[in-house]
Amino acid sequence: MKILLSNDDGYLAPGLTALHQALIPFSDVVIVAPEHNCSGASSSLTLWRPLSVFTAGNGSRYVNGTPTDCIHIALTSLIDGKPDLVISGINNGQNMGEDTLYSGTVAAAIEGFLFGIPSIAFSLAEKDWAHLDSAARVASDIVQYWSRIQLPEHMLLNVNIPSRMYAGMGSWCVTRLGKRHPSNPVIRTRNPRGNLVYWIGEAGAVFDASEGTDFHAVAAGNISLTPLQLDLTDTRLLPSLRAWTEGWRQPRQMT
Numbered sequence: 209m210k211i212l213l214s215n216d217d218g219y220l221a222p223g224l225t226a227l228h229q230a231l232i233p234f235s236d237v238v239i240v241a242p243e244h245n246c247s248g249a250s251s252s253l254t255l256w257r258p259l260s261v262f263t264a265g266n267g268s269r270y271v272n273g274t275p276t277d278c279i280h281i282a283l284t285s286l287i288d289g290k291p292d293l294v295i296s297g298i299n300n301g302q303n304m305g306e307d308t309l310y311s312g313t314v315a316a317a318i319e320g321f322l323f324g325i326p327s328i329a330f331s332l333a334e335k336d337w338a339h340l341d342s343a344a345r346v347a348s349d350i351v352q353y354w355s356r357i358q359l360p361e362h363m364l365l366n367v368n369i370p371s372r373m374y375a376g377m378g379s380w381c382v383t384r385l386g387k388r389h390p391s392n393p394v395i396r397t398r399n400p401r402g403n404l405v406y407w408i409g410e411a412g413a414v415f416d417a418s419e420g421t422d423f424h425a426v427a428a429g430n431i432s433l434t435p436l437q438l439d440l441t442d443t444r445l446l447p448s449l450r451a452w453t454e455g456w457r458q459p460r461q462m463t
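Residue numbers (the numbering used here): 209 to 463.
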């Protein structure tokens, strides 16, 4: 099995190294990751400047761009043949609820999905890499199980793993995205030159952590597996919008 591996914490991140080590015993892993931390980059492509690809001492490659840049360049230029799976992570911190809209980790998996490749994003619920070895083992379990029994549908999977010992991990739970309150306000401060600058505030508190959500599963010590889709159409609004537009008439043109 051939795997294209990336992340958003950068090619030197412990999460990427741990996941790579967990996957190489049973797969051919190609790493193409960002040069620097790109948390919050979402699915941005770098279009305003050219990108460069570098090779690290261990043979993995890194790009001076975003996670989406990495997957896009890898699939269109760097690697031979189509990988069986695109994997992103392990992220330093959770990607649940609305986090998925901003996450560079999830964005790397989205780019693989857009190229028609089954893709998985892995995140560790707590920051600072607590029990990272256990999270890597869980990720390995999921990938190996997928390699034996593949889903019939094209898959984009967001996986969040609780920060605990492997022996204390709960079950795999299929979940929906929970919801957060709006983000906290930006933080105004001054730089050393006295200029006013702004730091984006922390994510909002959890609003919906009801049973069945990713927040609920991870809080209970379980591994959350959320299938994602990219169709942003609000299908509920389609009938109302059609009815609303029926009353519109083309304005008479001035002659």
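In this text, a Cβ means the ideal position worked out from N, Cα and C, and glycines have one as well.
Residue i burial status per 10 Å Cβ neighbour count (16 or more: buried)
i      : result
Ala413 : exposed
Met304 : buried
His389 : exposed
Asp236 : exposed
Asn451 : At residue 451 the sequence reads Ala, which differs from the Asn that was named. Exposed, by the Cβ-count rule.
Gln358 : exposed
Asn215 : buried
Gly273 : buried
His362 : exposed
Ser448 : exposed
Ser169 : The question about residue 169 has no answer here: the residues shown for the chain are numbered 209 through 463.
Beta-carbon proximity check, residue i vs residue j, cutoff 8 Å
i      : j      : result
Asp422 : Leu365 : no
Ser379 : Asn430 : yes
Gly320 : Ile279 : yes
Ile369 : Ala333 : yes
Ala241 : Ala344 : no
Phe323 : Leu286 : no
Gly218 : Trp337 : no
Thr383 : Ala316 : no
Ser327 : Val351 : no
Ala329 : Val314 : yes
Ser391 : Gly402 : no
Lys335 : Gly301 : yes
Leu259 : Val238 : no
Pro291 : Lys210 : yes
Tyr310 : Gly265 : no
Ala481 : Asp349 : Because the chain is modelled from 209 through 463, residue 481 falls outside the range shown and cannot be assessed.
Arg396 : Tyr406 : yes
Endpoints, the alpha helix (DSSP H) within which residue i is located
i      : result
Ser448 : Leu446 to Glu454
Leu231 : Pro222 to Leu231
Ile281 : Pro275 to Ile281
Phe423 : Asp422 to Ala427
Where residue i falls: helix, strand or coil (DSSP)
i      : result
Asp216 : coil
Asp416 : strand
Thr254 : coil
Ile357 : coil
Leu364 : strand
Segment limits, beta strand (DSSP E) that includes residue i
i      : result
Arg457 : Note, Arg457: premise wrong, no beta strand (DSSP E); not H, not E.
Leu433 : Ile431 to Pro435
Ala241 : Asp236 to Pro242
Thr263 : Val261 to Thr263
Handout entry: 3 or more residues per run - each beta strand (DSSP E) lying fully within the region 288–340
Key = 293–300 and 327–332
Practice task
Please specify which runs of the beta strand (DSSP E), each continuous and at least 3 residues long, are wholly inside the region 370–410, giving them in chain order.
Solution key: 380–382, 395–398 and 404–407
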